[in-house]
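**Q** Structure provided below as structure tokens; questions to follow.
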Amino acid sequence: METWDAIRARRNVREFEDTAVSTDDLDRILEAGRRAPSAKNTQPWDFVVVTDREQLERLSGVWQGAWHVAGAPAAIAFVMPRFETERQWNIAWFDLGHAVMSMMVMAADLGLGTGHASVMDQDLAREILGFPADRYCAMLLSVGRPADRPIAPLNKPNRRPFDEVVHRERW
């Protein structure tokens with residue numbers, strides 16, 4: 001798929017087919033995240049890939065909106081350090097957004113859907129994923145083949161109109 005098509009095809013998916021995501025596809029998605037830009041090349045992230053059904057079901061308990069993780073064939077947890085200043089925290093989250101979006105577009109390119117979720121219960125996330133105490137799980141990304149329809153470019157996305165969003169030179 002061309003980049004433009006992958007961007008137009010990417011959509012949030014919350015229900016997945018019961019088919020595994022290949023290790024090669026997961027590695028390609030992870031590599032897309034690893035290569036994402038970050039301020040001063042700090043790369044403030046670690047990725048934890050989960051494919052074990054029991055772990056995925058338990059992981060869905062970290063937040064009410066993470067229910068889709070239980071039915072996904074794979075999930076990626078984004079783990080970051082705790083930062084001393086609000087500025088460091090803001091920059092790290094901005095950088096993490098690059099990594100997450102790169103992974104979402106790569107998944108779409110592979111015909112896979114993704115759904116993102118917050119993590120509220122850090123203790124449960126740490127228990128399941130085993131990350132160190134000086135880190136926290138920023139978010140989850142479920143990955144798999146959509147149950148409803150294949151990933152394909154959307155001609156009429158549910159987005160605000162272009163001319164309403166884009167301002168040239170001034171508001």
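Numbering of the sequence shown is given in this note's numbering, commencing with residue 1 and proceeding in unit increments.
The beta-carbon is built from N, C-alpha and C at its ideal position, and this holds for glycine as well.
(1) What did DSSP end up calling V79 once you bin it into helix, strand or coil?
(2) Pick out whichever of T114, R135, L59 has its Cα sitting closest to the Cα of R82.
(3) Quick one: is T114 buried, meaning 16 or more other Cβ sit within 10 Å of its Cβ, or exposed?
(4) For the region 136–145 and the region 155–163, state whether three or more C-beta atom pairs, one from each stretch, are separated by less than 8 Å.
(5) Compare the C-alpha of G33 against each of S118, A99, A74, R168 and name the closest.
(6) If I follow the unbroken beta strand (DSSP E) through S118, where does it start and stop?
(7) If you run the structure through DSSP and keep just helix, strand and coil, what is S102?
(8) Look at the alpha carbon of A92 and the alpha carbon of D46, and state the distance between them as a whole number of angstroms.
(9) Tell me whether D46 sits in a helix, a strand or coil according to DSSP, three-state version.
(10) Assuming the contact rule is C-beta atoms closer than 8 Å, E17 and G144 should be a hit. Round their C-beta distance to whole Å, please.
(11) Given A178, which residues of its chain have a CB within under 7 Å of its CB, disregarding the five upstream and five downstream residues?
**A** Considering the structure as presented:
(1) In the sequence shown, residue 79 corresponds to position 79, counting from 1. Strand.
(2) Stepping through the sequence shown from its first residue, residue 82 is reached at position 82. Shortest Cα-Cα distance from R82 to any of T114, R135, L59 involves R135.
(3) Here residue 114 is taken as the residue at index 114 of the sequence shown, counted from 1. It is buried - the Cβ of T114 has at least 16 other Cβ atoms within 10 Å.
(4) no
(5) Your numbering for residue 33 matches position 33 in the sequence shown. The candidate whose alpha carbon is nearest that of G33 is A99.
(6) Working through the sequence shown from its first residue, we reach residue 118 at position 118. Taken as a continuous stretch (DSSP letters only), the beta strand (DSSP E) holding S118 covers 113–118.
(7) Locating residue 102 in the sequence shown gives position 102, counting from the first residue. Correct three-state label for S102: helix.
(8) As a first step, residue 92 must be located in the sequence shown, where it is residue number 92. As a first step, residue 46 must be located in the sequence shown, where it is residue number 46. In a straight line, the C-alpha of A92 is about 12 Å away from that of D46.
(9) Position 46 of the sequence shown holds residue 46. Correct three-state label for D46: strand.
(10) Position 17 of the sequence shown holds residue 17. Position 144 of the sequence shown holds residue 144. Right, their Cβ atoms sit about 6 Å apart.
(11) Lying before the first or after the last residue shown, residue 178 is absent from the chain, which here runs from 1 to 171.
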